[in-house]
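Since the structure comes first, as structure tokens, the remarks are kept for the end.
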Amino acid sequence: MPSALNVKKISKHYQDGSRQIDVIRDLSFSVAAGESLSVTGPSGSGKSTLLNLLAGLLELDGGDVTLALKDKTFSYRTADERSRTALRRQHIGYVYQFFNLVPTLTVLENVRLPARLNQQRELERHAATLLGEFGLSDRLHDFPETLSGGEQQRVAVARALLLKPPLLLADEPTGNLDAENSNHVADLLFSSCREQNISLVLATHSTEVAAMADTRLHLDTQLPLDTRSQDRQSP
0 MPSALNVKKI SKHYQDGSRQ IDVIRDLSFS VAAGESLSVT GPSGSGKSTL
50 LNLLAGLLEL DGGDVTLALK DKTFSYRTAD ERSRTALRRQ HIGYVYQFFN
100 LVPTLTVLEN VRLPARLNQQ RELERHAATL LGEFGLSDRL HDFPETLSGG
150 EQQRVAVARA LLLKPPLLLA DEPTGNLDAE NSNHVADLLF SSCREQNISL
200 VLATHSTEVA AMADTRLHLD TQLPLDTRSQ DRQSP
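See below:
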């Protein structure tokens, strides 16, 4: 299966006075449509930095990231900030650890928001159906503060999936949940992306969640190491 996301020798560094700190260095990997990559590593190893680079929130210091869209391949290296913002809004879903739901909007309004911002009214109508598939039909008109943590994260996952983006990024999506809700949300995230041919990149401290991915990437504080799941060895 051809890769939808290609990361080629990317680097990101910061300056600490006269000292250069390499957070990401010459990192390469690819993720096919419908496949998943989990990113693990200790705090400060660059997991969030990597996701921010893939989201186009940070500029690359070296290398390139390309994402296959329906009508073209988008190159991060040659894109300006405006183009990256458009990419993020239209083609990348994002799930956060702390849900990031709009407190003044209902569950249904939160999930509809990406479609409304992109003027895709047909997808606005799909929001209620999607929430029903996630077991939230009876919560459509409730506000986030009345939901449990697991329910809020299911709403966040539905919102990220609504536009059927080619890429979904998840930053510790189960980190604020108990074991039961963590398993439920992780199952939902992986299965939904697989069924909709969405490339998933997920950062996590959970070894159980990481093991659910097709491919695993471990970031060390000294050197990024690309490791595969036991049943998928590096060539």
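The sequence shown lines up with residues 0 to 234 when you count with numbering that gives the first Met the number 0. Heads up, the beta-carbon is just placed ideally off N, CA and C, and yes, glycines get one too.
Sequence-distant partners of D141 (beyond 5 residues in either direction) whose C-beta falls short of 8 Å from its own C-beta, in its chain, are T105 and V106. For V38, the uninterrupted beta strand (DSSP E) segment begins and ends at S35 to T39. Fewer than three beta-carbon pairs drawn from the segment 114-131 and the segment 45-63 are found closer than 8 Å, and the two stretches are therefore not classed as touching. Annotated three-state conformation of V22 is strand, per DSSP. Residue state for N5 is assigned as strand, using DSSP reduced to three classes.
For S190, the secondary structure class from DSSP, reduced to helix, strand or coil, is helix. Taking P41 as reference, the option from A67, V22 and A127 with the minimal CA-CA separation is V22. Here T72 carries a strand assignment [DSSP, helix/strand/coil].
In the displayed model, T206 falls within a helix according to three-state DSSP. Q118 carries a coil assignment under DSSP once its states are collapsed to helix, strand and coil. Closest in alpha carbon position to A67, among S27, P165 and S82, is P165.
Separation of A78 and P113 (C-alpha to C-alpha, rounded to the nearest whole angstrom) is 22 Å. The beta-carbon separation of D170 and S44, rounded to 14 Å, does not stay under the 8 Å limit for a contact.
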